[in-house]
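In the working numbering, the protein residues as written are 1 to 478. In this text, a Cβ means the ideal position worked out from N, Cα and C, and glycines have one as well. Here the structure is a predicted model, which is why all the values come from computation and not from measurement.
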Ligand SMILES: [Zn+2]
């Protein structure tokens, strides 16, 4: 499969994938089409921003098998854009059984001309015990190998399973890479999404990404726009959304800040074509099926708007800033994102080195790779002179200045990225973590220059934080 990376930021990227039915630009969302009862006609999906669709091969196999085999899945849906097919694993998870074998459903997807086909993997639920998860994974792997032999001209999606057990997720990713698929789909996350267990999902994504670092990643079953920015920043490329329709059926309205209940809304906080011509009160008075279509349309517009916002952030290298704003819509997102502290090295490998600016958005900004790299860079600077002067105030002549977040900044780096391009609140107003981090970096710097003498000029709020420095330090309080 031709897969070209065009732009990068954090661990996210904009990519192009070439298929028999045209190009797809990722990150993107595949609207899930119910082949028997589409709420919105598949051919209308590009109007909302969709570049490809996903439908369920198992449902088609059960209800429209002959028609699909005769005319192909594209004719069946009435579209000529790329079509992904799922195999029935979701039904397997929901009902415990499906009436088709892996071989049958893979061959069926191939014969009906699916652009991207999926083996019948076993979605192990979260918190499974090790032996169950391992047994399920072994069967998934067996089916993936079988699908590889049967896939024909279709591209192959290889699901990554292993419940919430990091070791098994990594193993699943390793074996899938050996089998060699075209897209790798992190599965089994729907129950985690439903329970807002974002931290578990972030850990799973990062474990998988520690193995699959370049390959295209599909986060299967994640369709809520509130999680897209985080997932893209961790390297997910493709999402699918059944949410636009499921939430609409339930009178729920998707936003990047979370889900709203139509019943409780007075104003629509959205300017999409449908919201800008109605009020919640008017929509509540519609017939059920009309109301469902209205909400599904808004949900799709909101979904693809967020994808464009994310792509623009990647283009201008402000994806960290976007994520740090988005995570404030739910405490579980904040908890989840702070996990990146444990994966600094991985993230540092991919985040671009030079950006236009560094906007401080909250204490998570401290965990960005730019800060880590600054710390490494200053450790390598060697000073000839015996006595090094450090100041917290630019009004005092010094060799280095103490700044929140970045710690010590040599005068010659005051104008360059990241420190020189950083917009940070005043020392008096910033969170204490940003000052503590700076002092921690200062201590490390002193330790790596232990043969020197230091004179430290301390002003304002810094007095609370600068104490117990190692080495030979003279303190001058102002
Ligand atoms: Zn809207």
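(request) Assign residue 482 to buried or exposed, taking buried as 16 or more other Cβ atoms, counted over all protein chains shown, within 10 Å of its Cβ. (result) Within the shown structure, residues of the chain are numbered from 1 to 478, placing residue 482 beyond reach of any answer.
(request) Out of 157, 129, 121 and 92, point me to the one whose CA is closest to residue 114's CA. (result) Per the Cα distances, 157.
(message) Less than 9 Å between the beta carbons of residue 417 and residue 356, yes or no?
(response) Yes, these two residues count as a Cβ contact at 9 Å.
(message) Please return the same chain residues whose Cβ sits closer than 6 Å to the Cβ of residue 480, not counting the five positions on each side in sequence.
(response) Limits of the chain in this structure are 1 at one end and 478 at the other, which puts residue 480 out of reach.
(message) Under DSSP, the beta strand (DSSP E) around residue 391 begins and ends at which residues?
(response) 387-391
(message) Going by DSSP in three states, residue 459 sits in which element: helix, strand or coil?
(response) coil
(message) Suppose you measure from the CA of residue 436 to the CA of residue 359; what does that come to, to the nearest Å?
(response) 19 Å
(request) Please report the residue range of the alpha helix (DSSP H) in which residue 44 lies. (result) Per DSSP, residue 44 belongs to no alpha helix (DSSP H) and is neither H nor E.
(request) Give every residue of the same chain whose Cβ lies closer than 8 Å to the Cβ of residue 339, excluding the five residues on either side of it in the sequence, and list them in chain order. (result) 199, 202, 203 and 206
(request) Tell me, please, which residues DSSP counts as bridged to residue 159. (result) For residue 159, which the question treats as bridged, DSSP gives the partners 185.
(request) Report back the beta-carbon spacing between residue 57 and residue 19 to the nearest angstrom; my notes put them in contact at under 8 Å. (result) About 17 Å; that fails the 8 Å criterion.
(request) Could you please give the first and the last residue of the uninterrupted alpha helix (DSSP H) stretch that includes residue 171? (result) 166-179
(request) Evaluate residue 317 with the Cβ neighbour count: other Cβ atoms within 10 Å of its Cβ, from every protein chain shown; 16 or more gives buried, anything less gives exposed. (result) buried
(request) For residue 309, verify whether its CB is less than 8 Å away from any heavy atom of ligand 1. (result) Between ligand 1 and the CB of residue 309, the shortest heavy atom gap is not smaller than 8 Å.
(request) Reducing DSSP to helix, strand and coil, say where residue 53 ends up. (result) Strand.
(request) Please go through the same chain and pick out, in chain order, the residues whose beta-carbon is closer than 7 Å to the beta-carbon of residue 490, but skip the five residues on each side of it. (result) Since the displayed the chain opens at 1 and closes at 478, residue 490 lies outside it and no answer follows.
(request) Give the secondary structure of residue 394 by DSSP, where H, G and I count as helix, E and B as strand, and everything else as coil. (result) coil
(message) Check for me: the beta strand (DSSP E) holding residue 26 runs from which residue to which?
(response) For residue 26, the enclosing beta strand (DSSP E) has its first and last residue at 22-26.
(request) Can you give me the Cβ contacts of residue 329 inside the same chain, cut-off strictly under 8 Å, excluding the 5 residues immediately before and after it? (result) 226, 256, 257 and 258
(request) State the beta-bridge partners of residue 149 as determined by DSSP. (result) Its beta-bridge partners do not exist; DSSP assigns none.
(message) DSSP three-state label for residue 105, please.
(response) helix
(message) Rounded to whole angstroms, what is the Cα-Cα separation between residue 273 and residue 295?
(response) 12 Å
(request) Could you please give me the residues that DSSP links to residue 266 through a beta bridge? (result) For residue 266, which the question treats as bridged, DSSP gives no partner whatsoever.
(request) State the Cα-Cα distance for the pair residue 288 and residue 250, rounded to the nearest angstrom. (result) 10 Å
(message) Under 8 Å: do the stretch 345-354 and the stretch 35-45 share three or more Cβ pairs, one atom per stretch?
(response) no
(request) Determine the DSSP secondary structure at residue 12, reduced to helix, strand or coil. (result) strand
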